[in-house]
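Chemist: Residue numbers (our numbering), protein chains in the order written: chain P, 1 to 321; chain C, 322 to 642.
From the three backbone atoms N, C-alpha and C, an ideal C-beta is built for every residue, glycine too.
Just so we're clear, the structure is a prediction, and the values are computed from it rather than from any experiment.
Protein chains: 2
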Amino acid sequence: MRLSDIGEAGLLQRLHAFCPAELIGDDAAWFCPPAGKELVITTDVLVEGVHFGSSPLSPLPVLTMSAADVGWRAVAANYSDLAAMGAQPLGITVGLGLPPALPVAWVEELYEGMREILKTYGGVIWGGDVVRSPVVSISITAVGWLDQLRIQRSIAQVGDWLVVTGYHGLSRAGLEAIQNQIDAPEITPLITAHRRPWPRLDVVAALQELGIKRAAGMDTSDGLADAVWQICRASQVGAKLRTDMPVHPLLEKRFPQQAEQWLWYGGEDFELVLALAPDAAQRLLEKLGTPAHFLGEVIPGDQVWLGHEPLAPAGGFQHFR
Amino acid sequence: MRLSDIGEAGLLQRLHAFCPAELIGDDAAWFCPPAGKELVITTDVLVEGVHFGSSPLSPLPVLTMSAADVGWRAVAANYSDLAAMGAQPLGITVGLGLPPALPVAWVEELYEGMREILKTYGGVIWGGDVVRSPVVSISITAVGWLDQLRIQRSIAQVGDWLVVTGYHGLSRAGLEAIQNQIDAPEITPLITAHRRPWPRLDVVAALQELGIKRAAGMDTSDGLADAVWQICRASQVGAKLRTDMPVHPLLEKRFPQQAEQWLWYGGEDFELVLALAPDAAQRLLEKLGTPAHFLGEVIPGDQVWLGHEPLAPAGGFQHFR
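1) Can you give me the Cβ contacts of P/Trp145 inside the same chain, cut-off strictly under 8 Å, excluding the 5 residues immediately before and after it?
2) Quick check on this structure: which residue in P/Gly296, P/His319, P/Asp279 and P/Ile299 has the alpha carbon closest to the alpha carbon of P/Asp222?
3) Less than 9 Å separating the beta-carbons of P/Ile138 and P/Ala74?
4) Which class does C/Met539 belong to by DSSP, given the choice of helix, strand or coil?
5) Just to confirm the assignment, what range does the beta strand (DSSP E) spanning P/Pro89 have?
6) For C/Cys353, return the contacting residues in chain P, with the cut-off set at a CB-CB distance below 7 Å.
7) Would you mind telling me which residues of chain P sit closer than 7 Å to C/Phe591, beta carbon to beta carbon, in chain order?
8) For the segment 77–92 of chain P, which residues have a beta carbon sitting closer than 8 Å to at least one beta carbon of chain C?
9) Hey, out of C/Ala560, C/Thr462, C/Gln579 and C/Asn501, whose CA is closest to C/Ala596's CA?
10) Helix, strand or coil for P/Ile191, going by three-state DSSP, please let me know.
11) I want to verify the contact list: residues of chain C whose CB lies under 7 Å from the CB of P/His319, in sequence order.
12) By alpha-carbon positions, which one of P/Leu46, P/Leu57, P/Pro185 and P/Asp202 ends up nearest to P/Leu102?
13) Could you check if C/Asn501 is buried or exposed, using at least 16 other CB atoms within 10 Å of its CB as the buried criterion?
14) Kindly indicate which residue of P/Asp147, P/Asp129 and P/Asp269 has the alpha-carbon position closest to the one of C/Glu461.
15) Does DSSP classify C/Phe352 as helix, strand or coil?
16) Are the C-beta atoms of P/Asp44 and some chain C residue less than 9 Å apart?
17) State the DSSP-derived secondary structure class of C/Glu630, mapped to helix, strand or coil.
18) Over the uninterrupted beta strand (DSSP E) stretch that includes P/Asp44, give me the two end residues.
19) Assuming contact is defined by CB atoms lying nearer than 9 Å, are C/Thr363 and C/Asp390 in contact in what I supplied?
20) Along chain C, in chain order, which residues have C-beta atoms closer than 7 Å to that of P/Thr141?
21) Residues in the same chain with beta-carbon distance under 6 Å from C/Gly495, minus the five sequence neighbours each way, listed in chain order, please.
22) So the candidates are C/Pro631, C/Phe615, C/Met539 and C/His614; which of them puts its Cα closest to the Cα of C/Gly622?
23) Taking C-alpha atoms, which residue in P/Val104, P/Asp5 and P/Gly123 lies nearest to P/Pro20?
24) State yes or no: is the beta carbon of P/Ala193 nearer than 9 Å to at least one beta carbon in chain C?
25) Tell me the DSSP secondary structure of C/Ala613 in three-state form.
26) Where are the beta strand (DSSP E) runs, 3 residues long or more, that stay fully inside the segment 101–176 of chain P, in chain order?
27) At a CB-CB cut-off below 8 Å, which residues of chain C make contact with P/Gln208?
28) Between P/Pro100 and chain C, is any beta-carbon pair separated by less than 9 Å?
29) Starting from the beta carbon of C/Ser325, find every residue of chain P whose beta carbon is closer than 8 Å, and list them in chain order.
30) I believe P/Ala234 touches C/Gly346 by the beta-carbon criterion, under 8 Å. Please report the beta-carbon distance rounded to the nearest angstrom.
31) So, are the CB atoms of C/Ala548 and C/Lys608 less than 9 Å apart?
32) Determine the DSSP secondary structure at C/Phe591, reduced to helix, strand or coil.
33) Going along chain P, which residues have a C-beta under 8 Å from C/Arg335?
34) For C/Phe599, which residues in the same chain have their Cβ closer than 8 Å to its Cβ, ignoring the five residues on either side in sequence?
35) Show which residues of chain P have a CB atom less than 7 Å away from the CB atom of C/Gln473.
Shown next as structure tokens:
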């Protein structure tokens with residue numbers, strides 16, 4: 001059964017099952033934000049053939065993930081942005097562009113994936129819009145709320161420690177494995193990192209619990225090197241990074257040639273890089289445990305050093321080029 | 322100059338001019354909602370070739386509007402949804418899918434159109450996302466706040482008067498004029514209705530000023546007949562509509578054959594249909610003046626009558642068919 005068989009009204013009826021019953025049937029959704037709290041809002045767009053290949057209409061030679069994975073990942077990207085601000089999620093809206101020949105089951109599975117991640121991390125689907133489009137596109141907007149802490153890129157200080165919440169390069173390695181159809185059970189953690197990234201909302205909770213009052217930071221969706229550079233530029237500081245970065249054993253074993261490059265420039269690992277006062281950094285590292293690790297120190301200047309070598313900022317993905 | 326010449330980073334730099342300076346440079350935007358108020362959120366997606374033809378890459382034979390019109394219209398559709406809930410706007414996020422061959426100037430003009438309508442009705446651009454896509458798509462999410470009144474479709478009562486806030490069929494007539502390249506100055510009001518619809522946020526303000534406590538309703542983006550039917554179905558009531566509906570003189574003069582059809586099924590006029598207690602309806606009609614008008618009465622049953630004939634619910638646009 002394709003979308004053209006049931007039409008817009010038929011599709012909307014099926015999608016209503018994924019929204020709270022009291023929100024169905026009006027032009028927009030309403031919600032009560034926690035009184036007196038600041039809110040955070042973010043939007044991410046995914047396009048088939050650019051960000052993923054999944055549906056039977058994909059222009060890519062290899063399907064990189066299931067519809068449920070696409071749904072999970074689309075929400076995860078937004079929730080990672082919320083985590084990068086220090087926010088906890090309230091809900092999302094979903095704007096879909098869909099070709100009429102798309103199977104209805106694909107769209108329902110997409111929503112199943114969104115429901116799974118919302119069940120894990122909180123938040124509801126408030127509503128959205130579905131329209132005809134020659135290509136599958138998914139635009140998700142997430143809203144979250146801030147408690148005592150607002151993480152910003154621009155507030156790193158000289159003397160801060162840089163902390164990173166997990167390994168890097170796994171998502172890129174997972175994509176490589178999928179594209180080359182390497183399918184061994186031992187490779188699963190890499191593929192899962194690509195298809196089901198975890199937004200680090202647990203880190204926000206940890207910062208709150210520890211009573212940490214200032215944190216600079218951002219997520220590593222565009223790569224670890226990019227995140228460090230963005231924080232340094234926004235805060236007008238430099239950084240000196242350790243040269244013995246922990247590498248995930250699977251990455252080292254299966255992709256020894258590319259491990260270093262992907263660690264810094266792979267992107268889409270959705271971890272957080274934070275700049276914190278050294279004592280706060282130590283307490284956070286203890287609380288999070290492995291694989292969170294010390295990344296380096298914030299220093300005066302405008303350069304990011306990997307030991308005695310400058311770390312190149314670019315190498316990540318740029319749209320339109 | 323095309324997007325491929327300046328890349329994602331270059332485009333983002335230019336678009337920052339349209340956002341409040343304090344929000345630039347983080348993973349998401351933050352805002353302070355009015356304390357203790359409910360919020361409303363809505364998302365609308367527009368796709369080139371489906372909703373408009375405007376850019377040099379449009380697949381449509383006739384360009385129906387400028388980039389600035391597209392920007393205005395995309396925000397207007399969302400703001401109309403806010404008005405349909407009784408909300409006043411706070412801000413928007415913008416998710417864009419853009420082909421690399423698109424001129425940079427087109428995107429900047431799109432943002433100019435958004436800036437114009439935000440200046441007129443309030444709200445800021447909080448941020449968003451720009452990604453590569455084979456087709457231009459624009460997904461806007463708007464957030465507004467509710468004061469004392471929450472308009473819902475499902476709360477019309479038998480005995481209510483149905484009120485409509487303006488003429489209908491103008492947008493559809495404007496599209497016809499554009500597609501047939503009828504270009505006379507006297508046709509301008511129709512073309513403007515299509516390209517620069519006004520979200521009826523003024524009606525929300527009028528309802529507040531009059532202290533009206535209950536209003537059922539929705540906007541007429543999918544046509545006047547559809548709006549009446551949706552309200553009746555959601556409220557489990559019927560309606561008896563007047564047979565002498567006011568028709569805009571230009572519509573009657575230029576499109577006498579189609580006027581009746583477009584009035585009920587043309588769509589995209591972005592007016593409001595409201596069901597109110599008769600005294601509240603009278604006071605609202607007095608306050609709004611022409612062209613707001615009485616539309617009919619809410620009656621028991623499950624049928625919408627135009628005089629003694631049933632009014633067909635369908636006839637409007639449905640995606641995927």
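Modeler: With the given structure in hand:
1) Translated into positions along the first sequence, residue 145 of chain P becomes position 145. Cβ neighbours of P/Trp145 beyond the five flanking positions: Pro33, Pro34, Lys37, Glu38, Leu39, Val40, Ala87, Gln88 and Leu90.
2) Within the first sequence, residue 222 of chain P is the residue found at index 222, counting from 1. The shortest Cα separation from P/Asp222 among P/Gly296, P/His319, P/Asp279 and P/Ile299 belongs to P/His319.
3) Taking the first residue of the first sequence as 1, we reach residue 138 of chain P at position 138. Taking the first residue of the first sequence as 1, we reach residue 74 of chain P at position 74. Result yes, Cβ atoms of P/Ile138 and P/Ala74 sit closer than 9 Å.
4) In the second sequence, counting from the first residue as 1, residue 539 of chain C sits at position 218. Strand.
5) The sequence position of residue 89 of chain P within the first sequence is 89, counting from 1. Where P/Pro89 is concerned, the enclosing beta strand (DSSP E) stretches over Ala87 to Leu98.
6) Position 32 of the second sequence, counting from 1, holds the residue named residue 353 of chain C. The answer, in chain order, is Glu38.
7) Residue 591 of chain C sits at position 270 when you count from the first residue of the second sequence. Result: empty, since nearest Cβ-Cβ is about 11 Å, beyond 7 Å.
8) Ser80, Asp81, Leu82, Ala84, Met85, Ala87 and Gly91
9) Position 275 of the second sequence, counted from the first residue, corresponds to residue 596 of chain C. When each option's Cα is compared against that of C/Ala596, the closest is C/Ala560.
10) The residue given as residue 191 of chain P occupies position 191 in the first sequence. P/Ile191: helix per DSSP, three-state reduction.
11) By one-based count along the first sequence, residue 319 of chain P stands at place 319. By Cβ distance, chain C contributes Glu329, Val451, Val452 and Arg453.
12) Locating residue 102 of chain P in the first sequence gives position 102, where the first residue counts as 1. Among P/Leu46, P/Leu57, P/Pro185 and P/Asp202, the Cα nearest to that of P/Leu102 is on P/Leu57.
13) Translated into the one-based positions of the second sequence, residue 501 of chain C becomes position 180. Per the 10 Å Cβ criterion, exposed.
14) One-based indexing of the second sequence puts residue 461 of chain C at position 140. In the sequence as presented, Glu is not what sits at residue 461 of chain C; that position holds Ile. For C/Ile461, the nearest C-alpha among the options comes from P/Asp129.
15) Taking the first residue of the second sequence as position 1, residue 352 of chain C is located at position 31. C/Phe352 falls in the strand class under three-state DSSP.
16) Position 44 of the first sequence holds residue 44 of chain P. It does; some Cβ of chain C falls within 9 Å.
17) Numbered from 1 along the second sequence, position 309 holds the residue referred to as residue 630 of chain C. If DSSP states are grouped into helix, strand and coil, C/Glu630 belongs with the strands.
18) Position 44 of the first sequence, counted from the first residue, corresponds to residue 44 of chain P. Segment Leu39 to Val47, the beta strand (DSSP E) holding P/Asp44.
19) Position 42 of the second sequence, counting from 1, holds the residue named residue 363 of chain C. Position 69 of the second sequence, counting from 1, holds the residue named residue 390 of chain C. No, the pair does not count as a contact, with Cβ atoms beyond the cut-off.
20) Working through the first sequence from its first residue, we reach residue 141 of chain P at position 141. By Cβ distance, chain C contributes Thr364, Thr414 and Thr462.
21) Here residue 495 of chain C corresponds to residue number 174 of the second sequence, with the count starting at 1. Closer than 6 Å at the Cβ level, and outside the excluded window around C/Gly495, lie Leu511, Ile512, Ala514 and His515.
22) Against the second sequence, residue 622 of chain C aligns to sequence position 301. Of C/Pro631, C/Phe615, C/Met539 and C/His614, the residue nearest in Cα terms is C/Pro631.
23) Along the first sequence, read from residue 1 onward, the residue named residue 20 of chain P stands at position 20. Measuring from the Cα of P/Pro20, the nearest candidate turns out to be P/Gly123.
24) Position 193 of the first sequence, counting from 1, holds the residue named residue 193 of chain P. Chain C contact via Cβ: absent.
25) Here residue 613 of chain C refers to the residue found at position 292 when the second sequence is read from its first residue. The answer is coil: DSSP assigns C/Ala613 none of H, G, I, E or B.
26) 124–132, 137–146 and 161–164
27) The sequence position of residue 208 of chain P within the first sequence is 208, counting from 1. Ordered by position in chain C, no residue passes the 8 Å Cβ test against P/Gln208, which lies about 16 Å from the chain.
28) One-based indexing of the first sequence puts residue 100 of chain P at position 100. Closer than 9 Å to some Cβ of chain C, the Cβ of P/Pro100 qualifies, so yes.
29) For the purposes of this step, residue 325 of chain C is identified with residue 4 of the second sequence, where counting begins at 1. Result: Phe320 and Arg321.
30) Taking the first residue of the first sequence as position 1, residue 234 of chain P is located at position 234. Taking the first residue of the second sequence as position 1, residue 346 of chain C is located at position 25. Going by Cβ atoms, the distance from P/Ala234 to C/Gly346 rounds to 5 Å, so yes, they are a contact pair.
31) Counting from one through the second sequence, the residue named residue 548 of chain C turns up at place 227. Counting from one through the second sequence, the residue named residue 608 of chain C turns up at place 287. Taking 9 Å as the Cβ cut-off, C/Ala548 and C/Lys608 do not qualify as a contacting pair.
32) If you number the second sequence from 1, residue 591 of chain C lands on position 270. In this structure, C/Phe591 counts as coil in the three-state DSSP scheme.
33) By 1-based counting over the second sequence, the position of residue 335 of chain C is 14. Going along chain P, no residue has its Cβ under 8 Å from C/Arg335, so there is no contact; the nearest lies around 12 Å.
34) For the purposes of this step, residue 599 of chain C is taken as residue 278 along the second sequence, with counting starting at 1. Phe is not the amino acid found at residue 599 of chain C; the sequence shown has Pro there. Closer than 8 Å at the Cβ level, and outside the excluded window around C/Pro599, lie Gly480, Asp481 and Trp482.
35) Walking along the second sequence from the start, residue 473 of chain C turns up at place 152. Asp26, listed in chain order.
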